[in-house]
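Protein chains in written order, with my numbering: chain W, 1 to 114; chain X, 1001 to 1113.
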């Protein structure tokens, strides 16, 4: 596989459930990101990991918990979500610093909280 | 803070029409500018970019010129196709990395045959 792969593509969960989103990149990048895409709103950056360390958390509620065990994998652990958390969650990766630092995005996980 | 404002959609055109999607930005310093495209059911793909004033990014018949004097980066295509139907996002970054990407709200484009 190449590029950035996200699983699952679709997820429906109740407000009391715990689930995890997975992202994997095969591009040799050293930075990974989670974005939230809600209807009629700009993409919101949630978390940034650079060299496996979290470097930015844009005031995201604690019911979202990221994990980056290595430079190729990124998880978003979800618990006690609210219906307004329903959105498309996009993962991206890039090579921080250097000439070609273009961001590559996965296809996203469509999350519905019921 | 930095921000991007895009032309509101949705935009509907006939095949072979000329396309312009306006994008203006507010930023300190000299950001890099990007257009991303999101096809139905897909993630975002980089369409084109420009890293300094007067640069023109181009790809797949789309073009955009970095205009510092008007703080704009309008997307244009001379003759659109049905396959261009997608959501287009203008974005900026103080550097080329994604960690500070600031996106506009997106413009949905539909091309009718």
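Ideal Cβ placement from N, Cα and C applies to all residues, glycine included.
- A Cβ-Cβ distance of about 15 Å is found for the pair residue 13 of chain W and residue 22 of chain W, leaving them out of contact under the 8 Å criterion.
- Where residue 1087 of chain X is concerned, the enclosing beta strand (DSSP E) starts and stops at 1086 to 1093.
- Between residue 90 of chain W and residue 78 of chain W, the alpha-carbon positions lie close to 14 Å from each other.
- Within chain X, no residue has its beta carbon less than 8 Å from that of residue 19 of chain W; the closest one is some 20 Å off.
- For residue 1080 of chain X, no beta strand (DSSP E) segment is defined, and its DSSP state is neither H nor E.
- Annotation: the continuous beta strand (DSSP E) that includes residue 94 of chain W extends over 87 to 94.
- The beta carbons of residue 33 of chain W and residue 48 of chain W sit closer together than 7 Å.
- Cβ contact annotation for residue 113 of chain W (same chain, cutoff 7 Å, sequence separation greater than five): 13, 15, 81, 82, 83, 85 and 86, in chain order.
- Below the 8 Å Cβ cutoff, chain W contributes no neighbours of residue 1073 of chain X, its closest Cβ being approximately 16 Å away.
- Restricting attention to X/1061, X/1110 and X/1071, the CA atom closest to the CA of residue 1022 of chain X is found in X/1071.
- For residue 56 of chain W, the three-state secondary structure derived from DSSP is strand.
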